[in-house]
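Everything on this sheet refers to the single structure shown next.
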Amino acid sequence: MMIVLIGPPGAGKGTQGKRLEDKHGLKQLSTGDMLRAEVAAGTDLGKKAKSFLDSGNLVPDDVIVDMIADCIEQDDCRNGVIFDGFPRTVAQAKALDKMLAEKGRPLTAVIELTVDLKELVNRLQARIAQMKAAGQPIRTDDNEQTLINRLKVYREQTAPILPYYRDKGMLKAVDGMASIDDVSVMIDSILDAGNGSDHKARMGGPGR
Ligand code: AMP
């Protein structure tokens with residue numbers, strides 16, 4: 120399975136990606152985590168990426184696409200991949216399509232986690248407060264200013280990939296405001312069905 124998870128920062132892509140990884144033996148490729156690891160290790164890529172991460176702007180497409188191309192060659196991606204935080208631009212989406220077509224491993228599903236913007240800001244602020252209270256290190260891009268920019272970048276640069284996938288009949292929307300367990304159930308139902316493009320997955324069947 121090759122699955123793309125799309126959603127604004129804080130929508131739950133990381134959490135759901137991890138669940139899918141555990142359940143289906145897939146590899147979760149989080150471009151954000153990969154970039155943060157490069158920054159922490161002080162690599163050339165990390166040095167190049169740091170200012171983009173800190174401001175909440177997107178790292179240039181070619182850097183990201185090369186990074187993903189290297190990863191999906193690895194053995195641990197053999198069973199399949201969950202792309203978490205990638206693609207984030209239409210150019211990245213097109214590059215991914217091309218890459219996967221060359222490998223004969225097309226996307227299985229593109230799942231959008233939809234969330235209300237106000238709820239999102241609350242969630243992200245709660246996460247910062249929680250981490251501060253626990254004395255945990257806070258991501259350098261988890262501050263209010265950057266957060267607002269990340270949401271703006273999502274709306275302006277990432278949201279256009281939704282119609283791109285919708286036009287291909289691949290987009291499935293899931294209510295990301297539901298509980299973590301319920302979101303998992305909805306994602307599983309999409310993957311089990313393997314069809315029904317662009318429907319809004321819901322709990323409890325028709326009528327809800
Ligand atoms: P995330 O953890 O997915 O929210 O990503 C954190 C930061 O990493 C983003 O704000 C961007 O600066 C950068 N980043 C992650 N994924 C991508 C991507 N696919 N394209 C460009 N920049 C990215």
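Straight run, no breaks: the sequence shown in this note's numbering ends on number 327. Backbone N, C-alpha and C define an ideal beta-carbon position, used for all residues, glycine too. Since this is a predicted model, take the numbers as computed values, not measurements.
Asked: Length of the line joining the Cα atoms of Met153 and Val178; Found: 12 Å
Asked: One or two residues paired with Arg148 in a DSSP bridge; Found: One point to set straight first is that residue 148 is Leu, not Arg, in the sequence displayed. Partner(s): Phe202.
Asked: Opposing strand residues paired with Leu232 [DSSP bridges]; Found: Val293
Asked: Beta-bridge partners of Met121, as assigned by DSSP; Found: Val200
Asked: DSSP-derived helix/strand/coil call for Ile257; Found: coil
Asked: Proximal residues to Thr277 (C-beta, below 6 Å), its chain only, five neighbours per side dropped; Found: Arg207
Asked: Nearest neighbour of Lys287, chosen from Val293, Ala245, Ala248, Pro225 [CA to CA]; Found: Pro225
Asked: Assigned secondary structure, Glu238 (DSSP; H/G/I helix, E/B strand, else coil); Found: helix
Asked: Minimum C-alpha distance to Gly199 - residue among Asn241, Lys291, Leu139; Found: Leu139
Asked: Distance CB(Val293)-CB(Leu232) smaller than 7 Å; Found: yes
Asked: The stretch 208-227 contacting the stretch 128-137, beta-carbon criterion three pairs below 8 Å; Found: no
Asked: Length of the line joining the Cα atoms of Lys291 and Ser298; Found: 18 Å
Asked: Secondary structure of Ser298, DSSP reduced to three states; Found: coil
Asked: Closest Cα partner of Gln244 within the set Leu270, Asp185, Leu266, Ile306; Found: Leu266
Asked: Distance, Ala312 Cα to Lys166 Cα; Found: 43 Å
Asked: Classification of Gln211 by the beta-carbon crowding that lies within 10 angstroms, buried from 16 upward; Found: buried
Asked: Arg207 beta carbon near the ligand AMP (any heavy atom closer than 6 Å); Found: yes
Asked: beta-carbon Phe171 near the ligand AMP non-hydrogen atom, thresh 6 Å; Found: yes
Asked: Gly129 versus Ala168: straight-line alpha-carbon distance, rounded; Found: 21 Å
Asked: Cβ-Cβ distance between Phe202 and Val272 below 7 Å; Found: no
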